[in-house]
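The sequence shown begins at 57 in the numbering used here and counts up one residue at a time.
Just so you know, even glycine gets a beta-carbon here, dropped at the ideal spot from N, CA and C.
Quick caveat: nothing in here was measured; it's all calculated off a predicted structure.
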Amino acid sequence: MFNKVLSGTLHGVEGRIIAVEADVSDGLPNFNMVGFLASEVREASDRVRTSLKNSGFFLSPKKITINLSPADIRKEGSAFDLPISVALLAAYGYIPDDVIENTLFIGELSLNGELRGVRGILSIVDHARKMGIECVILPYDNRKEAAIIKGINVYGAHNLKEVFEHLTGTITLEKTEHTIMTTVDNDYSIDFSDIKGQESLKRATEIAVAGMHNIIFAGPPGAGKSMIAKRIPTIMPDLSYEESVELTKIYSAKGMLGADDGLVVNRPFRTPHHSITAQSLIGGGVVPKPGEISLSHHGVLFLDEMLEFQKNTIEMLRQPVEDGEITISRMHGSYTFPCDFMLVAAMNPCPCGYYPDRSKCHCSGLQIERYLRRLSHPMLDRMDMSIQVKRVEYSELYDVKKAESSADIKKRVEEAHALQCERLKEYNIRFNSQIPSNMIDDLCMLGEEEVKLRKHIFERYNLTARGMGKLLKVARTIADLDGSKVVLSNHILEALSYRINELGLGDEHI
């Protein structure tokens with residue numbers, strides 16, 4: 057007999073529907089599986105037969121053929137154990153055909169028939185809902201994650217026998233109700249009020265966060281670069297529901313969600329060590345998985361001591377920073393991962409860290425030049441803002457005056473973000489940093505005097521076309537923070553000050 061059930065798999069971070077077909081016929085007893093299968097999927101034949109036996113099902117010796125279609129999609133992972141078992145039971149006549157229609161099955165089986173959770177459930181269930189599938193049966197540990205998706209019935213089972221009894225009407229599995237669970241809250245133990253002095257640095261950081269602009273801090277050790285970077289999450293605007301679902305899909309595909317975890321509601325803040333490999337940073341592997349840049353989607357990727365990273369690793373960020381996604385090609389296909397993040401970097405101005413203070417810095421000019429060359433001009437040109445961080449003075453460090461809190465700064469950021477969302481909603485973007493180059497003139501409106509100033513700046517500082525565009529986007533964010541509908545000269549001049557500084561880390565760098 058022949059039977060078919062529906063299942064799903066991941067392709068990158070997106071779900072795909074897979075039809076699991078089972079044919080049982082007379083002939084030499086055999087269990088054959090086809091359909092562009094990875095080795096772990098082929099191993100399912102042994103797990104399935106043993107699980108069925110230990111769950112009390114007797115399968116008479118037959119010629120068994122299992123096909124996973126479509127054949128041009130590579131099937132990976134252990135999530136096909138349950139659908140293969142259900143398809144076999146239906147083909148042998150244990151389960152009526154009509155009860156498995158329009159139902160998706162997914163899950164890994166242990167040898168005693170217990171169901172184990174699998175990764176990527178959120179993306180698969182969301183795709184199944186879009187395809188009109190009404191019901192999904194999956195491991196009990198995955199039920200809460202799947203229930204995040206509204207409009208599809210979710211049933212969690214502990215073992216294969218429970219699935220069989222549910223399908224035959226002996227028992228009824230409890231339906232998991234749609235709930236919006238969250239994995240973390242916004243109760244931060246750090247705050248911007250902890251930072252003494254550095255008012256210009258705080259202002260630049262506020263602008264960068266308000267428009268999700270890439271920013272680099274350059275200064276001596278102990279000046280507060282890392283301290284202020286780690287407080288960026290406390291002033292970021294909250295994730296929208298759509299952003300949360302998109303981000304949670306990535307964490308689900310990576311296998312980073314627990315059985316009781318729900319939507320990721322905080323913007324991520326990822327801080328990889330400088331020893332990280334290029335593959336771990338951008339994603340990849342034999343079976344490509346999301347890297348740190350994708351785990352930073354809709355959040356922050358902080359590279360502390362940026363110039364200590366391998367140069368080729370930093371250079372691989374060029375295209376993802378610009379495009380907001382990365383495509384990894386392998387022999388079995390291409391995988392696209394979203395990575396629309398805010399890049400924050402901190403660096404020392406020389407190997408010892410104290411240049412231009414010659415009382416402490418004894419690095420030669422050649423040493424400094426070689427050190428700074430680890431950051432190429434094309435990569436630096438993709439940074440919207442570069443800030444010179446100075447040493448905190450004693451009077452600032454022990455000033456009894458209470459510094460501005462994160463809550464106060466976040467309020468201004470959210471107001472600016474609301475203006476951006478209203479202006480950019482028809483373009484399906486949310487932040488000024490995402491404005492396409494062909495829309496800058498329309499969205500960053502300039503008056504006659506501002507146009508003259510733009511021309512003077514472009515020629516005086518020899519900016520690139522990309523650099524000029526980024527300067528105008530930053531100016532647009534400054535205008536939003538001021539509540540101005542148009543970009544004024546003072547907004548452009550302040551944006552310029554964040555691209556050109558005394559260390560030469562702006563567009564005149566090497």
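Which residue or residues does DSSP assign as beta-bridge partners of residue 88? 121
Thinking C-alpha only, which one of 478, 450, 370 is nearest residue 433? 370
Could you give the distance in angstroms between the alpha-carbon of residue 461 and the alpha-carbon of residue 280? 16 Å
Going by beta-carbon coordinates alone, are residue 435 and residue 264 separated by less than 8 Å? no
Identify whether residue 62 lies in helix, strand or coil by the three-state DSSP scheme. strand
Less than 8 Å between the CB atoms is what I'm expecting for residue 252 and residue 452, so what's the real figure, rounded? 5 Å
Whether residue 127 touches residue 91 by CB criterion (8 Å): yes
Validate contact between the segment 477-493 and the segment 310-319 using beta carbons, cut 8 Å, 3 pairs: no
Contact set for residue 221: own chain, Cβ-Cβ below 8 Å, skip 5 residues either direction: 227
When the Cα atoms are used, what is the spatial distance from residue 405 to residue 330? 17 Å
Every unbroken beta strand (DSSP E) within the segment 355-419, with a cutoff of 3 residues, ordered by chain: 356-359, 381-386, 389-394, 398-403
Can you find a C-beta in chain C that's less than 8 Å from the C-beta of residue 280? Absent here is chain C; the protein component of the structure consists of one chain.
At the level of alpha carbons, what is the spacing between residue 102 and residue 114? 15 Å
If we call anything under 8 Å between Cβ atoms a contact, is residue 402 one with residue 372? no
Host alpha helix (DSSP H) of residue 304 (start-end): 297-310
Would you mind giving the Cβ-Cβ distance between residue 30 and residue 216, rounded to the nearest angstrom? I have them listed as a contact below 8 Å. As shown, the chain starts at 57 and ends at 566. That puts residue 30 outside it, with no answer to give.
Return the chain-ordered list of same chain residues with a C-beta closer than 6 Å to the C-beta of residue 522, the five sequence neighbours on each side being excluded. 437
Start-to-end residues for the beta strand (DSSP E) that takes in residue 273: 271-274
Nearest to residue 356 (by Cα), restricted to the options 380, 109, 276: 380
Just tell me which of 270, 143, 130, 300 has its CA closest to the CA of residue 178. 300
Suppose only complete runs of 4+ residues qualify. What are the alpha helix (DSSP H) ranges in the segment 493-565, listed by chain order? 496-499, 504-516, 521-537, 545-553
Helix or strand or just coil, what does DSSP make of residue 348? helix
Taking three-plus beta-carbon pairs below 8 Å as touching, is the segment 281-300 in contact with the segment 337-356? yes
Can the beta-carbon of residue 260 be found closer than 8 Å to that of residue 517? no
Please list the segments of the beta strand (DSSP E) lying wholly inside the segment 162-205, counting only runs of 3 or more residues, in order along the chain. 191-195
Outcome for residue 561 when other beta-carbon atoms lying within 10 angstroms are tallied against a minimum of 16: Residue placement at residue 561 is flagged as unreliable, the pLDDT there being 46, under the threshold of 50; the coordinate-derived value follows with that caveat. Buried, by the Cβ-count rule.
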